[in-house]
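Trainee: Residue numbers (this note's numbering), protein chains in the order written: chain A, 1 to 300; chain B, 1001 to 1343. Quick one: this structure, given as structure tokens, is what I'll be asking you about.
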Amino acid sequence: MWDNISILTAAPVFNIQLILDGLFIGSTFALAAYGLALVWGVMNVKNLAQGDFVIMGGYVAWWLGKQGIHPLWGLPVSIVVMFVFGWVVYVTIIRRVIDKDMFTSLLATFGLAIVLAQALNLMFGPEVQTAESDFAIRSYFDNSVTVADIKLVAFGLCGVLAVAVVLFMKNSRMGQAIRATAQDARAARVMGIDTDKVYAFTFSLNAAICGAAGALISMIWVIQPFYGIGHSIRSFVIVTAAGFGNLGGVIMAGLGLGVMEQYGGFVLGAEFQQACVVGLLVAVLIYRQLEMRRHRQVVQ
Amino acid sequence: MESFNPKLHLPILIFGVAAPFVIPGVTIQIAVLWVMVLFALTWDIMGGQMGYNSLGNILFFGSGMYISALVQISMFANVSEYTASSGAVDFTYTNSEYFWGLGWGILAAGIGSALLAASLGWTLFGLRGPYFAIGTLGIALTAGELMGTWEWVGAGGGLAMPVYPGSADGKSLMFYFMCFFAAIGTYLFCSWLYSTRFGLAINAIRDDEQKAEAMGIHTLRYKTIAWSVSAFFLGISGALFGNMTGFVEPLEVAFPVATFGIFMVAMSLLGGKGTLWGPILGAVLFHILKEFTWTYFLGWQWVALGVLIIVNVVFFQQGIMGWLMEKFPERFGIIVDKKETAK
């Protein structure tokens, strides 16, 4: 561990590599987490199948790539497929748990996560996959920092998608309806908004965002049927740390988590990378809880 | 506390005692069934009776397993030598060494897990509802990963338990009865616990924590004790299970969050949470279903499990016992006012 830290101090260029990798991968985490924050904030449903939606989107792009279609074209296909899939999931499952207590939705989506992971495993096998994008890999700083062009493209696409979602939420009729429902579902119904349709659209939009994040992850990183739970936990870490309705916070937390994970994996060893994420979740929850305790004492 | 009911308890006792002699081929499966009953009962103390749905109770199963393994080994051997050799050097235990080690190991597993729960409770019990579920899930996942990197306890390669000095049949018979008695002990304790003031207090916490606190119930203390109780029995079950399989491995055996950790929730929900007999019924049904799908639908068993959970929570949330109570309330001593229902 100390050896690895001394490498970082002796050769600062490594830091740039880690930070860049972290930012690129973190941008996709932020995208998926924004979807979770949307569903959480609007419908009060905690979607534990979030990561499996991501992985599913990745498999759509990867499968198209295997058929000879470039994974970047797979991105819009993945968005559409996941939007439809999200609608189906909403109609069959989420609609029925939306007004029950929150543990119900958590457990129902957990069951869904198990089904999805296993279905992907049966369909595509348990191997780790990457969608080949055939972009050049460039080196900077005397070959000590390598960045694949696809990562830059993916980073840019993440930004474009995020801006598109924000503009949609701000300006479109549906976006306004979603925000109205999030503020007060009953009042929105009184005003003539079909909240059921708004919920269905929100959930499908979340699935579509996950699909986009997954397609990008399949190009710049790896996908595997059982990696879903890791992505779910990442989204939860980001949303709990940032709070929902706070887009800037989600982006910062997502990028930060990506960088943290790279550093954790490098300093402590690759086998700790997953433990780092989960440990961070627990740390964030405990920190929030201590903060709340202090707040409660102040109120008393 | 439930008094002895010959129609209900006697057949179970007779089955439990006679099963390993009448159908010796499935002794281990039935022993696992008793462990499952214990799982469901201990989960229900928290999830059903107190309304704190933990997804990471499996943590105490694993901690009990590791504590008992370390106690059993360290009493008569050097742990680091033992794990480094990983079975290459023969550590033979005499009868008395093995059984003393086992006894102390089980006791230490129970107490150690209870202490772990008490210390975790101090920080985790501020989390409510789904946050608590996600937080406990996170802790159980981390524990598995961390144990997998700790060289002293064998890291990811695991740890072989001391070898039972005797025949294989004798071993399975002994652990069968230990699991059986552990399950009975848990049942009796829960049955007593729910009949006391303590049971009422944790029910009050489930119904409305703020009001319970306003009524003068020290909620944090009650919650911590309830979690420690469930951790105590889970730790014992972990020690028994570890010794029964003879091998401790961090991700699949000790902290199987995605299998046993989810099974205990699914079983309690299937049987009906918040009742004494619901988790037992759920565990029995689930175990039979599980053995069936694992044998005949290998590969699809996870899909079946996931669908079961979804259908269970979406359409059948009250569980079997809850459904029966709604259907035949008078059988459970619930008096239905005819004037109220006649309308």
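Using N, Cα and C, we set each Cβ at its ideal position, and we do this for glycine too.
Given that residue 1145 (chain B) touches chain A, what residues does it touch there, using C-beta distances under 8 Å?
Mentor: Taking the second sequence and counting its residues from 1, one reaches residue 1145 (chain B) at position 145. Result: 271, 272, 274, 275 and 278.
Trainee: So, at 7 Å on beta carbons, what are the nonlocal neighbours of residue 1251 (chain B) in its own chain, with the 5 sequence-adjacent residues on each side left out?
Mentor: For this step, residue 1251 (chain B) is matched to residue 251 along the second sequence. Excluding sequence neighbours, residue 1251 (chain B) sits near 1144 and 1148.
Trainee: Contact between the region 224-235 of chain A and the region 30-49 of chain A: three or more CB pairs below 8 Å?
Mentor: The region 224-235 of chain A vs the region 30-49 of chain A: in contact.
Trainee: Using a Cβ cut-off of 8 Å, which residues of the region 1244-1268 of chain B contact any Cβ in chain A, in chain order?
Mentor: Against chain A - using a Cβ distance shorter than 8 Å - the residues of the region 1244-1268 of chain B are 1258, 1262 and 1265.
Trainee: Quick check on the burial criterion: 16 or more other C-beta atoms within 10 angstroms. Buried or exposed for residue 1117 (chain B)?
Mentor: As a working mapping, residue 1117 (chain B) is identified with position 117 in the second sequence. That one is buried.
Trainee: Can you find a CB in chain A that lies within less than 7 Å of the CB of residue 1095 (chain B)?
Mentor: Numbered from 1 along the second sequence, position 95 holds the residue referred to as residue 1095 (chain B). Not one chain A Cβ lies under 7 Å of residue 1095 (chain B).
Trainee: What are the start and end residues of each continuous alpha helix (DSSP H) run of 4 or more residues lying completely inside the region 1130-1206 of chain B, in chain order?
Mentor: Fully enclosed alpha helix (DSSP H) runs of 4 or longer: 1168-1194.
Trainee: Alpha carbon to alpha carbon, how far is residue 1052 (chain B) from residue 1167 (chain B)?
Mentor: In the second sequence, counting from the first residue as 1, residue 1052 (chain B) sits at position 52. In the second sequence, counting from the first residue as 1, residue 1167 (chain B) sits at position 167. In a straight line, the C-alpha of residue 1052 (chain B) is about 43 Å away from that of residue 1167 (chain B).
Trainee: Under 8 Å between beta-carbons, which chain A residues line up against residue 1317 (chain B)? List them in chain order, please.
Mentor: The residue given as residue 1317 (chain B) occupies position 317 in the second sequence. Those are 100 and 104, listed as they occur along chain A.
Trainee: With a 10 Å radius around its C-beta and 16 neighbouring C-beta atoms as the bar for buried, classify residue 1045 (chain B) as buried or exposed.
Mentor: Within the second sequence, the letter at position 45 stands for residue 1045 (chain B). Looking at its Cβ environment, which holds 16 or more other Cβ atoms inside 10 Å, residue 1045 (chain B) is buried.
Trainee: Thinking just about the alpha-carbon of each residue, which of A:71, A:61 and A:256 is nearest to the one in residue 124 (chain A)?
Mentor: Taking the first residue of the first sequence as position 1, residue 124 (chain A) is located at position 124. For residue 124 (chain A), the nearest C-alpha among the options comes from A:61.
Trainee: Report the three-state DSSP secondary structure of residue 140 (chain A) (helix, strand or coil).
Mentor: The sequence position of residue 140 (chain A) within the first sequence is 140, counting from 1. Residue 140 (chain A): strand per DSSP, three-state reduction.
Trainee: Determine the chain B residues that contact residue 294 (chain A) at a beta-carbon separation under 8 Å, and present them in chain order.
Mentor: Walking along the first sequence from the start, residue 294 (chain A) turns up at place 294. Those do not exist, as residue 294 (chain A) stays about 11 Å from chain B at its closest Cβ, beyond 8 Å.
Trainee: Leaving out five residues before and five after residue 1111 (chain B) in sequence, what residues of the same chain have Cβ atoms less than 8 Å from its Cβ?
Mentor: Numbered from its first residue, the second sequence carries residue 1111 (chain B) at position 111. Here the set comprises 1232 and 1235.
Trainee: Counting contacts by CB-CB distance shorter than 7 Å, is residue 7 (chain A) in contact with chain B?
Mentor: Start at 1 with the first residue of the first sequence, and residue 7 (chain A) comes out as number 7. Output row for residue 7 (chain A): interface = no.
Trainee: When you check each C-beta in the region 111-135 of chain A against every C-beta of chain B, which residues fall closer than 9 Å?
Mentor: For the region 111-135 of chain A, which is checked against every Cβ of chain B, the residues closer than 9 Å are 111, 112, 113, 114, 115, 116, 117, 118, 119, 121 and 122.
Trainee: At what residues does the alpha helix (DSSP H) containing residue 1307 (chain B) begin and finish?
Mentor: In the second sequence, counting from the first residue as 1, residue 1307 (chain B) sits at position 307. Start and end: 1301-1315.
Trainee: In the DSSP output, what is residue 1099 (chain B) paired with across the bridge?
Mentor: Here residue 1099 (chain B) is taken as the residue at index 99 of the second sequence, counted from 1. Residue 1099 (chain B) is not bridged to any residue.
Trainee: Rounding to the nearest angstrom, what Cα-Cα distance links residue 217 (chain A) and residue 1188 (chain B) in this structure?
Mentor: Walking along the first sequence from the start, residue 217 (chain A) turns up at place 217. Walking along the second sequence from the start, residue 1188 (chain B) turns up at place 188. Rounded to the nearest angstrom, the two C-alpha atoms are 52 Å apart.
Trainee: Residues of chain A with CB closer than 7 Å to the CB of residue 1130 (chain B), please, in chain order.
Mentor: Translated into positions along the second sequence, residue 1130 (chain B) becomes position 130. Those within 7 Å of residue 1130 (chain B) in chain A are 46, 102, 103 and 106.
Trainee: Where residue 1343 (chain B) and residue 1066 (chain B) are concerned, what is the direct C-alpha to C-alpha distance, given to the nearest angstrom?
Mentor: Reading the second sequence from its first residue, position 343 is the one you call residue 1343 (chain B). Reading the second sequence from its first residue, position 66 is the one you call residue 1066 (chain B). Residue confidence for residue 1343 (chain B) is low, a pLDDT of 45 falling below 50, so the modelled location carries little weight; the figure read from the coordinates is stated next. Distance between the alpha carbons of residue 1343 (chain B) and residue 1066 (chain B) is about 59 Å.
Trainee: Quick one: grab the DSSP three-state call for residue 1343 (chain B).
Mentor: In the second sequence, counting from the first residue as 1, residue 1343 (chain B) sits at position 343. Note that residue 1343 (chain B) scores a pLDDT of 45, beneath 50, so its modelled location is shaky; the value from the coordinates is reported in the next line. Here residue 1343 (chain B) sits in coil by DSSP.
Trainee: Alpha carbon to alpha carbon, what distance is there between residue 1202 (chain B) and residue 1311 (chain B)?
Mentor: The residue given as residue 1311 (chain B) occupies position 311 in the second sequence. The residue given as residue 1202 (chain B) occupies position 202 in the second sequence. Roughly 28 Å between the two C-alpha positions.
Trainee: Could you name the residues of chain B that residue 281 (chain A) contacts, counting a contact when the two beta carbons are closer than 8 Å?
Mentor: Position 281 of the first sequence, counted from the first residue, corresponds to residue 281 (chain A). Within chain B, the residues near residue 281 (chain A) are 1134, 1135 and 1138.
Trainee: For my contact list, residue 76 (chain A) and residue 133 (chain A) are in at a C-beta cut-off of 8 Å; report their separation, rounded to the angstrom.
Mentor: Stepping through the first sequence from its first residue, residue 76 (chain A) is reached at position 76. Stepping through the first sequence from its first residue, residue 133 (chain A) is reached at position 133. With a Cβ gap of about 15 Å, residue 76 (chain A) and residue 133 (chain A) do not count as contacting.
Trainee: Under 7 Å, Cβ to Cβ, is there at least one residue of chain B near residue 266 (chain A)?
Mentor: Here residue 266 (chain A) corresponds to residue number 266 of the first sequence, with the count starting at 1. By this cut-off, residue 266 (chain A) is not an interface position.
Trainee: Report the option in B:1128, B:1138, B:1063 and B:1133 whose CA atom is closest to the CA atom of residue 953 (chain B).
Mentor: Here chain B covers residues 1001 to 1343 and nothing more, so residue 953 (chain B) does not appear.
Trainee: Which of the three DSSP states is assigned to residue 128 (chain A) in this structure?
Mentor: By one-based count along the first sequence, residue 128 (chain A) stands at place 128. The answer is coil: DSSP assigns residue 128 (chain A) none of H, G, I, E or B.
Trainee: Which residue comes first and which comes last in the alpha helix (DSSP H) that contains residue 181 (chain A)?
Mentor: Within the first sequence, numbered from 1, the residue matching residue 181 (chain A) stands at position 181. Residues 173-183.
Trainee: In this structure, what does DSSP give as the bridge partners for residue 148 (chain A)?
Mentor: Indexing the first sequence from 1 puts residue 148 (chain A) at position 148. Partner(s): A:137.
Trainee: Let me check understanding here. Comparing Cα to Cα, which of B:1177, B:1192, B:1152 and B:1057 lies closest to residue 1003 (chain B)?
Mentor: Walking along the second sequence from the start, residue 1003 (chain B) turns up at place 3. The candidate whose alpha carbon is nearest that of residue 1003 (chain B) is B:1192.
Trainee: Between residue 55 (chain A) and chain B, is there a C-beta pair that is closer than 7 Å?
Mentor: By one-based count along the first sequence, residue 55 (chain A) stands at place 55. Cβ-Cβ to chain B under 7 Å: no for residue 55 (chain A).
Trainee: Short of 7 Å Cβ to Cβ, which residues in the region 1290-1312 of chain B face chain A?
Mentor: Going along the region 1290-1312 of chain B in chain order, one finds 1299, 1302, 1303, 1305, 1306, 1307, 1309 and 1310 with a Cβ nearer than 7 Å to chain A.
Trainee: In terms of residue numbering, what span does the alpha helix (DSSP H) encompassing residue 81 (chain A) cover?
Mentor: Within the first sequence, residue 81 (chain A) is the residue found at index 81, counting from 1. Here the alpha helix (DSSP H) through residue 81 (chain A) covers 71-89.
Trainee: Going by C-alpha distance, which of A:177, A:236, A:150 and A:206 is nearest residue 190 (chain A)?
Mentor: As a working mapping, residue 190 (chain A) is identified with position 190 in the first sequence. That would be A:177, whose Cα lies nearest to the Cα of residue 190 (chain A).
Trainee: So, does the CB of residue 1142 (chain B) fall closer than 7 Å to a CB anywhere in chain A?
Mentor: The count along the second sequence starts at 1 and reaches residue 1142 (chain B) at position 142. Yes, contact with chain A.
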